[in-house]
Each structure stands twice: as C-alpha cells, then as structure tokens.
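Structure, as structure tokens:
Numbering (the numbering used here), first residue to last: 2 to 193.
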C-alpha cells in the first residue's frame, strides 16, 4: 500500500513539473516571437483614465522597431483624419497637409497616441516581472519599464497559440491609466 501511495505521489509531482515546464515554454515562445519582431500592424480600442474623466479612442498603428511608428485615429469620427508619427523621442501630428511638432505634455505622462508603440517596446525591452496561464488559453505577462524615474507596469494578455496580444493594462504608481483591447494584430517581419 505504501509503495502504491509513493508511486502515485511521484507520478503527481512529475505531472505538476511537466505542466510548469509547458507553461514556461509557452511564455518563452511568445517572448522569442516579439524579440525577433521588426514591425507589426495593430488596431485597438484604447480607454484613457484621467482623474476626472475617461476617454476612448480606436487607434491603428504601424510599429517599426527603432524607427518611426505611425498612429492613426480611427474613432472618434471628429479626429479621424489625424495621424501621429512617433519615433520614441519626437512626435509630429499630421492633419491633412498640416504637420505640427507635438512635444510631450509632461515628464512621465503617456499620450494615447503613443500607447500602442510603447506597449510593443515594453514587451521587447521591459523587465518581465510575472507570467501565468489564464482561462481560455491566454498567457498573462507583466513588464516593468522606467521613464524619468517613474516605473510603469504593462500587463498584456497573449493568445498562447499565436502570441497575438488580446488586451492590456498600463499603470503607473499603482494607478491604472490605460486599458487596451486589441481588435486586430499582424506580425510583418519576423526573423527566425
């Protein structure tokens, strides 16, 4: 009887170890996919949480690692013809044929216009703090970045099979600033 219980315990522990190994492998596959990514195209619904109000936008973004990223406003309708070119340091707002420089509003404030490129930068360059499997074959990963001495936390939920992001939350100093729901995503250039 004792031998059967011992064998059963060994089998259960082995299965638990295999499950943990599979979870780590899924996270590694996703991270490798983004490490090799040079560009991608995405659309997302972005909700901005300000102290006295919330705002929602639908944005399209073409991300280029280390190059200029283009963000276009798809909704609300009144802002539809506005696009923003962001290279990590400088921003330009483009409306029809008019091009304006758009400096950062504050030292640490993220703009809705840059949230999608910054999310990709966080995955590629941020410090992975935690990861775990969630219901529905999603992989939750939280990345930490720091800008001007302020830590930002980027939590993204990825489809475990495809590596495509499904949604995200961005917080700073324990305050939620952005929620993102990705409505489409495609990898353009992936180095194997």
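Note that beta-carbon positions come from the ideal geometry of N, C-alpha and C, so glycine has one too.
Query	Result
Per-residue burial, residue 157 [other beta carbons within 10 Å of its own, 16 or more giving buried]	buried
Pick from 30, 62, 175 that is closest to residue 115, judged by C-alpha positions	62
Endpoints, beta strand (DSSP E) assigned at residue 153	151–160
Among 153, 76, 128, 165, the one whose alpha carbon lies nearest that of residue 48	76
Beta strand (DSSP E) segments (min. 3 residues) lying fully within the segment 20–60	38–50
Under the three-state DSSP convention, the category residue 165 falls into	coil
Through-space distance from residue 143 to residue 30, alpha-carbon basis	16 Å
Spatially closest choice to residue 133 from 188, 161, 113, by CA coordinates	161
Proximity below 8 Å, CB of residue 83 to CB of residue 93	no
Pair within 8 Å by beta-carbon distance, residue 186 and residue 165	yes
Alpha-carbon spacing of residue 129 relative to residue 123, whole angstroms	9 Å
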